[in-house]
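J.: Following this message is one structure expressed as structure tokens.
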Amino acid sequence: MQELRVTVSPWPGGKRWVYSITFDEALSDLHRFAIPILDEFRVPGHLEVVVGQMGQVRKIGASSYNGFKHMGPDELREMLARGWGVGNHSWSHEATNAQTADLELGRAKEVLEEAIGEPITIYCSSGDNSNMNDGALAACRRFGYLGAMSLTDALNRPEDADLLWINRTFLHTQGYAPFYSEFDPFRNIPHARRDRGWIIDYLHCPLEQPVHPNKDCSAAQLRERIETVRAEGGEDLWAARVEEAVDYRYTRRAAKIEAVPGRAGEFTVAVPGLHPAVRKRTVTLELPEGTRAADVDGRRVEIVKRGPLLLIDVDLSRPRTLRISGDQGVAQ
Ligand SMILES: [Zn+2]
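Take a look at the structure:
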């Protein structure tokens, strides 16, 4: 009899690739264009909050966004209710490192959690990747963050070794020097589809015209990008809140599936040592070909067919016993 293999699907529901979009500075003017466009296409966004200026008119160095208003606690809570997520974009938008981490990562996390009534598990580097230094990332681990978002234009992949380092793709009218990359509504999509990748777009606050061509796109370009993501993604796409995709990666990585000796078709499924900050612990399991029925802790669960895949969702908040039966080597 062939060995039966049960595996955790790279993404929920056997989806092929993942898309998220992040708005640094969490400006109230997102209500003008970005929020309605994302609502229309049912794509959740993610807000990166400068905690020391929450609810205030922006005044940070020579920022292109000075004079714009940051969302305050009530506005952020309203966005959570719409299914968006919130991350810490540091306290001051200045240097985050071993010396400043208590304020920029520790105190900022506490204040933001209190303001929005939800745990903060995502840090978003301000400025550039210099705030992804070793001291900052060590402090992220110490303060219990699950993800740290960079400005590296690359995919995130299901097998990534460092779950804390997250890549983001610029969604701007023009890329940075020296390439000045043209706006591309298809950026990274075929690559994500091939590699089962997770694209996270990065911008600030799209308006009629971009506030700065190397920091934003226009509202029309945002619409074109989101339309393209939906059209190209179809049923293969998971449009995810950043926190949920991060939780899934952690849970999948921690999952242990072990055959119960002497009991054909029976497995224990658990996530020993999973980081306590992971909230959503449901994974999709891929069952062997020929499986006809599946029980979790003695209860029949519905098997979903997706192409050749046979899938079930299992909440691993506690260890489970899985029993499968069918033909082609599966216990009758
Ligand atoms: Zn910023």
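Letter by letter, the sequence shown follows residues 1 to 332 in the working numbering. By construction, the Cβ of each residue, glycine as well, lies at the ideal position given by its N, Cα and C atoms. These figures come from a predicted structure and were not determined experimentally.
Give me the DSSP bridge partner(s) of Val86.
T.: The sequence position of residue 86 within the sequence shown is 86, counting from 1. DSSP output for Val86 lists Leu47 as bridge partner(s).
J.: Would you call Pro319 buried or exposed, if buried means 16 or more other Cβ atoms sit within 10 Å of its Cβ?
T.: Along the sequence shown, read from residue 1 onward, the residue named residue 319 stands at position 319. Taking all protein chains in view, the Cβ of Pro319 is surrounded by fewer than 16 other Cβ atoms within 10 Å, so the residue is classified as exposed.
J.: Per DSSP, what kind of secondary structure is Met54 in: helix, strand or coil?
T.: Numbered from its first residue, the sequence shown carries residue 54 at position 54. Residue state for Met54 is assigned as coil, using DSSP reduced to three classes.
J.: For my contact list, Ala154 and Leu137 are in at a C-beta cut-off of 8 Å; report their separation, rounded to the angstrom.
T.: The sequence position of residue 154 within the sequence shown is 154, counting from 1. The sequence position of residue 137 within the sequence shown is 137, counting from 1. Wrong, their Cβ atoms sit about 17 Å apart, outside the cutoff.
J.: Can you check DSSP and say which residues form a bridge with Ile324?
T.: The residue you call residue 324 lines up with position 324 of the sequence shown. Paired residue(s): Ala294.
J.: Output the boundary residues of the alpha helix (DSSP H) element that contains Arg253.
T.: Locating residue 253 in the sequence shown gives position 253, where the first residue counts as 1. It spans Val242 to Ala254 - the alpha helix (DSSP H) in which Arg253 sits, taken as one unbroken run.
J.: Where Gly197 and Glu94 are concerned, what is the direct C-alpha to C-alpha distance, given to the nearest angstrom?
T.: Your numbering for residue 197 matches position 197 in the sequence shown. Your numbering for residue 94 matches position 94 in the sequence shown. Those two C-alpha atoms are separated by around 31 Å.
J.: So what's Asn97 in DSSP terms, helix, strand or just coil?
T.: Mapped onto the sequence shown, residue 97 falls at position 97. Looking at Asn97 - three-state DSSP - the assignment turns out to be coil, as it is neither helix nor strand.
J.: Whose beta carbon lies closer than 5 Å to any heavy atom of ligand 1, going through the chain in order?
T.: Asp24 and Ser126
J.: Can you find at least 3 beta carbon pairs, one from the region 59-68 and one from the region 211-226, that sit closer than 8 Å?
T.: yes
J.: Please name the residue or residues paired with Gly147 in a DSSP beta bridge.
T.: For the purposes of this step, residue 147 is taken as residue 147 along the sequence shown, with counting starting at 1. Paired residue(s): Ile122.
J.: Using only CA atoms, which one of His204, Ile324 and Leu287 lies nearest to Arg300?
T.: The residue given as residue 300 occupies position 300 in the sequence shown. Closest option to Arg300, Cα to Cα, is Ile324.
J.: Which first and last residues belong to the beta strand (DSSP E) in which Thr284 is found?
T.: Along the sequence shown, one-based indexing puts residue 284 at 284. Here the beta strand (DSSP E) through Thr284 covers Thr282 to Leu287.
J.: Can you name the residues that DSSP bridges to Val269?
T.: Numbered from its first residue, the sequence shown carries residue 269 at position 269. Within the DSSP bridge table, the entry for Val269 names Ile257 and Arg320 as partners.
J.: What residues match up with Trp238 in a beta bridge as DSSP calls it?
T.: Sequence index remark: in the sequence shown, residue 238 carries index 238 (1-based). Paired residue(s): Val18.
J.: What does a CB cutoff of less than 7 Å around Glu113 pick up in its chain, not counting 5 residues either side in sequence?
T.: Your numbering for residue 113 matches position 113 in the sequence shown. Cβ neighbours of Glu113 beyond the five flanking positions: Pro119 and Ile120.
J.: Out of Arg42, Leu27 and Pro12, which has the shortest C-alpha to C-alpha gap to Arg223?
T.: The residue given as residue 223 occupies position 223 in the sequence shown. Ranking Arg42, Leu27 and Pro12 by Cα distance to Arg223 puts Arg42 first.
J.: Closest to Tyr123 by C-alpha separation, out of Leu163, Gln99 and Glu3, would be which residue?
T.: Locating residue 123 in the sequence shown gives position 123, where the first residue counts as 1. Cα-wise, what sits closest to Tyr123 is Leu163.
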